[in-house]
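Per our numbering: the sequence shown = residues 24 to 831.
To keep things clear, I will list the structure first and then write my remarks on it.
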Amino acid sequence: MHFTLPDGLLDRVGRLATGSTATPFMVLLAAFTALLHRISGDEDLVVGVSTAGRDNPELAPVIGMFVNPVALRCDLAGDPTFADLVARTRDGLVDAMEHGQTPFQRIVEAVAPQRDPSVQPVFQTAFNFIPDSGLDPVALGTTKDDLAFDITATTSRLLYRTALFDRGTAEAVVARYVRLLDAAVAEPATRVSALPLLDAAERDLVLHGWNDTARQVPPSTLVAEVERQVAATPTATALVADGRSLTYAELNGRANRLARMLVSRGVGPGALVALALPRSAELLVAILAVLKSGAAYLPVDTGYPAGRIAYLLGDAEPVLVLATPETAALVPPGALVLDGEVGGNDADLTDAERTAPLLPAHPAYVLYTSGSTGRPKGVVVEHRAVHAYLAWARDTYPGLAGTALLHSPVSFDLTVTGLLGPLTAGGTVRLAGIDEAAARAGGPPAFLKVTPSHLPLLDADLSPTGDLVIGGEALTGEQLAAWRAGHEGVAVVNEYGPTEATVGCVAARIAPGQAVPAGPVPIGRPTWNMRAYLLDAHLNPVPPGVAGELYVAGVQLARGYLRRPGLTAERFLPCPFGAPGERMYHTGDLARWRADGTLEYLGRRDHQVKVRGMRIELGEIESTLLAHAGVREAVVAVRTDSGEPTLVAYLVGTADEAEVSAEAARQLPAHLVPAAFVRLDALPLTANGKVDRAALPAPAATEAVGSYVAPRTDAEALVAEVFADILGVEKVGAYDDFFALGGNSLRGMRAMSRIRAEVDVDLPMRALFGAPVVADLATQIEALIAAEVDELSEAEVAALLAAEKGTP
Numbered sequence: 024m025h026f027t028l029p030d031g032l033l034d035r036v037g038r039l040a041t042g043s044t045a046t047p048f049m050v051l052l053a054a055f056t057a058l059l060h061r062i063s064g065d066e067d068l069v070v071g072v073s074t075a076g077r078d079n080p081e082l083a084p085v086i087g088m089f090v091n092p093v094a095l096r097c098d099l100a101g102d103p104t105f106a107d108l109v110a111r112t113r114d115g116l117v118d119a120m121e122h123g124q125t126p127f128q129r130i131v132e133a134v135a136p137q138r139d140p141s142v143q144p145v146f147q148t149a150f151n152f153i154p155d156s157g158l159d160p161v162a163l164g165t166t167k168d169d170l171a172f173d174i175t176a177t178t179s180r181l182l183y184r185t186a187l188f189d190r191g192t193a194e195a196v197v198a199r200y201v202r203l204l205d206a207a208v209a210e211p212a213t214r215v216s217a218l219p220l221l222d223a224a225e226r227d228l229v230l231h232g233w234n235d236t237a238r239q240v241p242p243s244t245l246v247a248e249v250e251r252q253v254a255a256t257p258t259a260t261a262l263v264a265d266g267r268s269l270t271y272a273e274l275n276g277r278a279n280r281l282a283r284m285l286v287s288r289g290v291g292p293g294a295l296v297a298l299a300l301p302r303s304a305e306l307l308v309a310i311l312a313v314l315k316s317g318a319a320y321l322p323v324d325t326g327y328p329a330g331r332i333a334y335l336l337g338d339a340e341p342v343l344v345l346a347t348p349e350t351a352a353l354v355p356p357g358a359l360v361l362d363g364e365v366g367g368n369d370a371d372l373t374d375a376e377r378t379a380p381l382l383p384a385h386p387a388y389v390l391y392t393s394g395s396t397g398r399p400k401g402v403v404v405e406h407r408a409v410h411a412y413l414a415w416a417r418d419t420y421p422g423l424a425g426t427a428l429l430h431s432p433v434s435f436d437l438t439v440t441g442l443l444g445p446l447t448a449g450g451t452v453r454l455a456g457i458d459e460a461a462a463r464a465g466g467p468p469a470f471l472k473v474t475p476s477h478l479p480l481l482d483a484d485l486s487p488t489g490d491l492v493i494g495g496e497a498l499t500g501e502q503l504a505a506w507r508a509g510h511e512g513v514a515v516v517n518e519y520g521p522t523e524a525t526v527g528c529v530a531a532r533i534a535p536g537q538a539v540p541a542g543p544v545p546i547g548r549p550t551w552n553m554r555a556y557l558l559d560a561h562l563n564p565v566p567p568g569v570a571g572e573l574y575v576a577g578v579q580l581a582r583g584y585l586r587r588p589g590l591t592a593e594r595f596l597p598c599p600f601g602a603p604g605e606r607m608y609h610t611g612d613l614a615r616w617r618a619d620g621t622l623e624y625l626g627r628r629d630h631q632v633k634v635r636g637m638r639i640e641l642g643e644i645e646s647t648l649l650a651h652a653g654v655r656e657a658v659v660a661v662r663t664d665s666g667e668p669t670l671v672a673y674l675v676g677t678a679d680e681a682e683v684s685a686e687a688a689r690q691l692p693a694h695l696v697p698a699a700f701v702r703l704d705a706l707p708l709t710a711n712g713k714v715d716r717a718a719l720p721a722p723a724a725t726e727a728v729g730s731y732v733a734p735r736t737d738a739e740a741l742v743a744e745v746f747a748d749i750l751g752v753e754k755v756g757a758y759d760d761f762f763a764l765g766g767n768s769l770r771g772m773r774a775m776s777r778i779r780a781e782v783d784v785d786l787p788m789r790a791l792f793g794a795p796v797v798a799d800l801a802t803q804i805e806a807l808i809a810a811e812v813d814e815l816s817e818a819e820v821a822a823l824l825a826a827e828k829g830t831p
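Next up, the structure:
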């Protein structure tokens with residue numbers, strides 16, 4: 024691609040070079056490395072330059088090509104001024120040219136980089152300056168580099184690999200180079216980070232045009248919105264759970280009675296109430312009751328290890344903990360144990376009854392997310408933020424007015440849509456994972472929200488008829504295509520949003536009948552009254568097509584982290600592009616703007632990852648492993664060797680892997696416990712001393728968590744066979760845990776359905792949550808069979824079970 028530098032620019036380059044004891048080539052090259060740095064974010068760059076190869080006088084009369092490539096290392100650390108960068112470039116170039124006669128192939132052999140035939144070794148960008156205006160740059164030939172500039176006094180050119188860049192991108196690279204160079208020679212004292220890449224129109228587009236999301240949504244509370252719907256549809260079904268259903272009026276009345284009990288115990292706006300309750304109708308009643316009292320709810324997953332529950336409650340310091348007789352042992356003494364319905368007044372509470380008026384700015388819930396320093400952190404989300412999200416969701420997801428299937432723990436913010444969305448839209452919440460028959464009784468749901476890992480599990484009974492919302496992990500067209508083939512009439516939305524931005528703040532919709540794109544599915548555009556900014560390390564907006572860190576701003580931002588003002592200030596920053604006092608949240612995710620104004624997710628900047636939709640800070644797991652006396656070093660990585668994301672721990676030390684695994688299971692939730700442990704003599708390191716994660720070996724089959732114990736009874740053999748088939752695992756032992764092997768609620772429903780079909784016993788879904796280990800679930804099966812045929816002997820029961828499996 025040919026282009027011409029603006030009139031007079033090369034003259035100004037020459038004047039700057041003269042004043043800085045450099046050459047024009049050095050100034051032009053410095054601008055090129057500044058451009059690469061601003062586009063890539065890398066501070067240590069290698070650029071190819073060329074020498075004539077005719078330094079020896081003996082070669083002067085010889086005809087032929089003696090040009091030799093030289094690899095120039097460019098240092099942009101510390102955000103230098105452009106003048107300083109020119110000086111660094113001059114010194115580096117002088118040093119490199121001292122070895123300019125060394126054949127490039129010798130350099131390649133010495134460096135011994137990992138070779139890829141499609142990529143130039145050592146450097147992938149090149150820069151040349153031909154001051155003789157009579158030389159046509161076409162005469163220099165082609166390039167193997169990704170990008171190569173040939174600058175002349177007349178017609179210059181950019182060579183680029185068409186497999187990586189299109190014509191429009193190449194033109195944008197040239198325009199940005201010229202803009203940066205022009206500003207740099209005009210003000211060489213300007214720091215590289217402040218040199219402009221965007222023109223005024225582009226800057227306005229990425230900051231404002233693609234963030235034009237303003238919508239009128241009057242502030243409100245969740246309580247007001249639910250009670251408005253109760254008044255509109257009192258007899259409609261609000262909840263289906265445990266084979267029972269509650270109308271809006273019944274659900275509202277039960278919540279009002281419990282709310283008055285909470286207020287009588289001093290609960291009110293600004294307080295926090297923890298809910299250590301099983302997944303049941305009582306859980307939804309309790310959530311509404313806490314909200315009606317004015318307090319915020321903190322869901323506590325009763326499947327967590329005791330140590331994790333103790334930490335959450337100790338850190339959050341709720342004024343009250345609600346439990347049932349079955350969960351009371353999991354929480355400290357003093358909890359309010361709910362055993363049956365609460366009596367009293369069914370009428371809606373008023374502000375006069377509360378300890379203080381309930382306002383949209385009061386917290387609605389606190390959810391704990393994984394902590395990078397080993398400490399999980401509680402995210403405080405206000406009523407107005409949830410209300411703003413649900414207002415957009417009701418407009419975007421018509422299925423919320425139908426039946427929404429809720430299958431994930433309420434401690435996961437993905438569930439907020441299917442939990443509170445229907446109750447403000449006149450729909451029905453159907454709790455899955457409690458009773459499979461109740462979950463499937465009404466047929467396919469109208470609305471379902473899942474992670475990409477759930478897609479293969481959506482059979483005809485579970486696939487929604489209206490809206491399928493996917494979130495929690497990066498989504499590809501290939502993941503979606505298989506399910507979409509039989510459900511072309513369903514709208515699919517790829518929704519993105521950290522807990523700190525209230526469930527979902529960016530979304531991309533694939534309309535019914537619209538083709539599924541190949542490769543990464545965009546996460547779309549910001550939702551109502553939310554804005555997305557892609558910024559570099561100095562908070563400058565990056566151009567379209569360039570990766571940047573994603574910051575979000577708008578009405579849905581959380582208040583911050585519970586009792587952690589320092590961390591709140593670190594992640595919730597003043598927004599330089601909004602009104603005075605506005606904040607923006609630093610997500611730590613990488614993304615880029617596509618040409619159509621949609622966002623494409625590119626992964627994490629740090630080591631925070633998502634596995635099966637659960638956000639995980641690898642540092643939290645590593646901190647737990649390092650607490651073991653025999654572990655000297657520990658690194659946790661996500662591997663996909665088996666086809667699905669899997670956590671693998673790498674240990675250096677004397678500790679037994681099985682002991683470390685068992686201790687991790689006692690300290691961490693199941694989704695944070697690595698699936699395999701690999702012992703290493705030392706961790707692989709990069710040249711700069713950091714852990715080389717790319718060099719960590721794949722775990723062998725023998726390094727799976729724990730020791731394999733073959734099933735010992737027919738019941739264990741049946742359960743192990745079903746688990747292995749549902750989860751795609753080669754073999755499952757007697758002490759293997761369904762959820763540790765990658766199971767989830769939807770897979771669990773399939774597994775329990777298969778087991779019930781085999782043994783014909785009334786085995787509820789909650790049995791799997793209470794006994795996910797093969798041996799424990801097998802014991803329950805044997806007990807149920809024994810109870811049904813208690814007149815038979817133990818041997819006869821075993822024979823009956825074997826017959827159910829079709830064995831002699």
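C-beta: ideal position from N, C-alpha, C; glycine also.
Nothing here was measured: the structure is a model prediction, and the numbers come from that model.
Which stretch, first to last residue, makes up the alpha helix (DSSP H) that contains residue i?
{"i": "T112", "result": "105-120"}
{"i": "K315", "result": "304-316"}
{"i": "M49", "result": "47-63"}
{"i": "T192", "result": "190-209"}
{"i": "F762", "result": "Element bounds for F762: n/a, residue is neither H nor E."}
{"i": "T41", "result": "32-42"}
{"i": "G626", "result": "That residue, G626, is in no alpha helix (DSSP H); its beta strand (DSSP E) goes 622-627."}
Would a check of beta-carbon distances place residue i closer than 9 Å to chain C?
{"i": "L706", "result": "Here there is only one protein chain, and chain C is not present."}
What do you get for residue i, buried or exposed, if any count of 16 or more other CB atoms within 10 angstroms of its CB means buried?
{"i": "I457", "result": "Interpretation of I457 is limited by its pLDDT of 48, a score under 50 that renders its predicted location unreliable; no figure is taken from the coordinates."}
{"i": "V161", "result": "Below a pLDDT of 50, predicted positions are generally treated as unreliable, and V161, at 45, falls in that range; the measurement from the model is reported next regardless. Classification of V161: exposed, given that the 10 Å Cβ count is below 16."}
{"i": "Q537", "result": "exposed"}
{"i": "D362", "result": "exposed"}
{"i": "R594", "result": "buried"}
{"i": "M24", "result": "exposed"}
{"i": "D783", "result": "exposed"}
{"i": "N368", "result": "exposed"}
{"i": "A733", "result": "exposed"}
{"i": "T41", "result": "exposed"}
{"i": "H231", "result": "exposed"}
{"i": "P692", "result": "buried"}
{"i": "H6", "result": "Because the chain spans 24 through 831 in this model, residue 6 falls outside it and cannot be assessed."}
{"i": "D737", "result": "buried"}
{"i": "D436", "result": "buried"}
Relative to the C-alpha of residue i, which residue among the options is closest?
{"i": "H385", "options": "V253, T244, A483", "result": "T244"}
{"i": "L750", "options": "F762, R407, G337", "result": "F762"}
{"i": "A261", "options": "L442, Y183, D107", "result": "L442"}
{"i": "V360", "options": "P787, A469, A209, P348", "result": "P348"}
{"i": "G527", "options": "Q502, E518, A534", "result": "E518"}
{"i": "S303", "options": "V290, T610, D324", "result": "D324"}
{"i": "A687", "options": "P328, D559, P599, G422", "result": "P328"}
Can you name the start and end residues of the beta strand (DSSP E) that residue i belongs to?
{"i": "G500", "result": "Element bounds for G500: not the beta strand (DSSP E) but the alpha helix (DSSP H), 500-507."}
{"i": "A173", "result": "Checking the sequence shown, residue 173 turns out to be Asp, not Ala. Unbroken beta strand (DSSP E) run through D173: 170-175."}
{"i": "F470", "result": "470-473"}
{"i": "P322", "result": "319-322"}
{"i": "I493", "result": "490-493"}
Which residues does DSSP pair with residue i in a beta bridge?
{"i": "N279", "result": "Paired residue(s): none; N279 is not in a bridge."}
{"i": "V360", "result": "A346"}
{"i": "P862", "result": "Missing from the structure shown is residue 862; the chain here goes from 24 to 831 and no further."}
{"i": "T270", "result": "T260"}
{"i": "C97", "result": "L68"}
{"i": "S73", "result": "P92"}
{"i": "P292", "result": "DSSP, once it has assigned bridges, lists no residue as partnering P292."}
What ranges does the alpha helix (DSSP H) occupy inside the region 393-466, keeping only unbroken runs of at least 4 residues that lie completely in it?
406-419, 438-443, 459-464
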